[in-house]
Amino acid sequence: MARKTSKRWLWTLLGWLVACILFFPIFWMFLTSFKTEVAAVSTPPQLFFQPTLENYVAIQNRANYFNYAFNSVAISLGATILALLLAVPAAYAMAFFPTKRTKGTLLWMLSTKMLPPVGVLVPIYILCRNFGLLDTRIGLIIIYTLINLPIVVWMIYSFFKEVPKDILEADRMDGATTQQELIHVLLPLALPGIASTALLSIILSWNEAFWSLNLTTADAAPLTAFIASFSSPQGLFWAKLSAASTLAIAPILIFGWLSQRQLVRGLTFGAVK
Numbered sequence: 012m013a014r015k016t017s018k019r020w021l022w023t024l025l026g027w028l029v030a031c032i033l034f035f036p037i038f039w040m041f042l043t044s045f046k047t048e049v050a051a052v053s054t055p056p057q058l059f060f061q062p063t064l065e066n067y068v069a070i071q072n073r074a075n076y077f078n079y080a081f082n083s084v085a086i087s088l089g090a091t092i093l094a095l096l097l098a099v100p101a102a103y104a105m106a107f108f109p110t111k112r113t114k115g116t117l118l119w120m121l122s123t124k125m126l127p128p129v130g131v132l133v134p135i136y137i138l139c140r141n142f143g144l145l146d147t148r149i150g151l152i153i154i155y156t157l158i159n160l161p162i163v164v165w166m167i168y169s170f171f172k173e174v175p176k177d178i179l180e181a182d183r184m185d186g187a188t189t190q191q192e193l194i195h196v197l198l199p200l201a202l203p204g205i206a207s208t209a210l211l212s213i214i215l216s217w218n219e220a221f222w223s224l225n226l227t228t229a230d231a232a233p234l235t236a237f238i239a240s241f242s243s244p245q246g247l248f249w250a251k252l253s254a255a256s257t258l259a260i261a262p263i264l265i266f267g268w269l270s271q272r273q274l275v276r277g278l279t280f281g282a283v284k
């Protein structure tokens, strides 16, 4: 018993150590956001200093944070909803009506994530320009949907595979149509997995930077472009950059913290098995 207790404490301490190491860059960025530019680059780094809000005031005067935040929310939610609308029927068909090409299709979808984004930048840019989608939320929603769709399909497919087929067969014997089976039986059973998939899709869309920097300028620019705007040819202003980064990641950190139980519950439902 004593050995088990000591081992449990050892693993607990190790877990806290790893968590502190991973969280330290965020903590240091948060501290730096309240420093002056001189204090931010001082050597050795200053742990104790006189905090100031001048960086937050400066970045708000330079750019409207709330416009960027609204774009991030609208694009992330829009891309997630569209991805789910496409992924749920696709995962349903492949999970319960598989063919000899189902596995190959799933692997092909996943292989698209291995393609470097810069490899398709030019054709995507030309398509967006020709269809009038440059610097629009609709354009980024479509791009983000296509980026996250393979992962969303794979996760929901895995969740659907965990649902006992006997339940669906019993529902069909009662005369349920495919639409009724999907909406009234399958979706409620797989709701934890679908919720965790939606949360992951929102996080991935929120953090996407490559396409937002190349396809937007001002009107549809999300928070990733907001952070990049504080990098200038004169150099990096670390204090202001830290303040902008803190404002950009704060909403998604709070969202992830509040939804962590649902996310873990959904992932353990079947996606990682």
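Residue numbering for the sequence shown follows the numbering used here, starting at 12 and increasing by one per position. Glycine is no exception: its CB is placed at the ideal position from the N, C-alpha and C atoms. Predicted, not measured: the structure shown is a model, and the values here were computed from it.
Assigned exposure category for Thr-228 - 16 Cβ within 10 Å defines buried: By 1-based counting over the sequence shown, the position of residue 228 is 217. Around the beta carbon of Thr-228, fewer than 16 other beta carbons lie within 10 angstroms, which makes this residue exposed.
Element boundaries [alpha helix (DSSP H), containing Ser-122]: Translated into the one-based positions of the sequence shown, residue 122 becomes position 111. Boundaries of the alpha helix (DSSP H) harbouring Ser-122: 113–122, taken from the DSSP string.
Beta-carbon proximity of Arg-140 to Ala-231, cut-off 8 Å: Working through the sequence shown from its first residue, we reach residue 140 at position 129. Working through the sequence shown from its first residue, we reach residue 231 at position 220. No; because the gap between Cβ atoms is not below 8 Å, this pair is not in contact.
Environment of Gly-130 [buried if 16+ CB atoms lie within 10 Å]: As a working note, residue 130 is residue 119 in the sequence shown. With fewer than 16 Cβ atoms within 10 Å of its Cβ, Gly-130 is classed as exposed.
Residue-chain proximity (Gly-26, chain D), Cβ-Cβ < 8 Å: Here chain D cannot be found, since the structure has a single protein chain.
Host alpha helix (DSSP H) of Leu-58 (start-end): As a first step, residue 58 is located in the sequence shown; it is residue number 47 there, counting from the start. Element bounds for Leu-58: n/a, residue is neither H nor E.
contact_flag[the region 169–187, the region 116–136] where n(CB pairs < 8 Å) is 3 or more: Because the criterion of three Cβ pairs below 8 Å is not met, the region 169–187 and the region 116–136 do not touch.
Separation of Phe-35 from Leu-21, as counted between CA atoms: For the purposes of this step, residue 21 is taken as the residue at position 10 of the sequence shown. For the purposes of this step, residue 35 is taken as the residue at position 24 of the sequence shown. Leu-21 and Phe-35: Cα-Cα distance of roughly 21 Å.
Per-residue burial, Lys-114 [other beta carbons within 10 Å of its own, 16 or more giving buried]: Counting from 1 along the sequence shown, the entry for residue 114 is found at position 103. That one is exposed.
Burial state of Val-68, where buried means 16 or more other Cβ atoms lie within 10 Å: Counting from 1 along the sequence shown, the entry for residue 68 is found at position 57. Val-68 comes out exposed.
C-alpha distance - Ser-87 paired with Phe-45, whole-angstrom precision: Mapped onto the sequence shown, residue 87 falls at position 76. Mapped onto the sequence shown, residue 45 falls at position 34. Rounded to whole angstroms, Ser-87 and Phe-45 show a C-alpha spacing of 29 Å.
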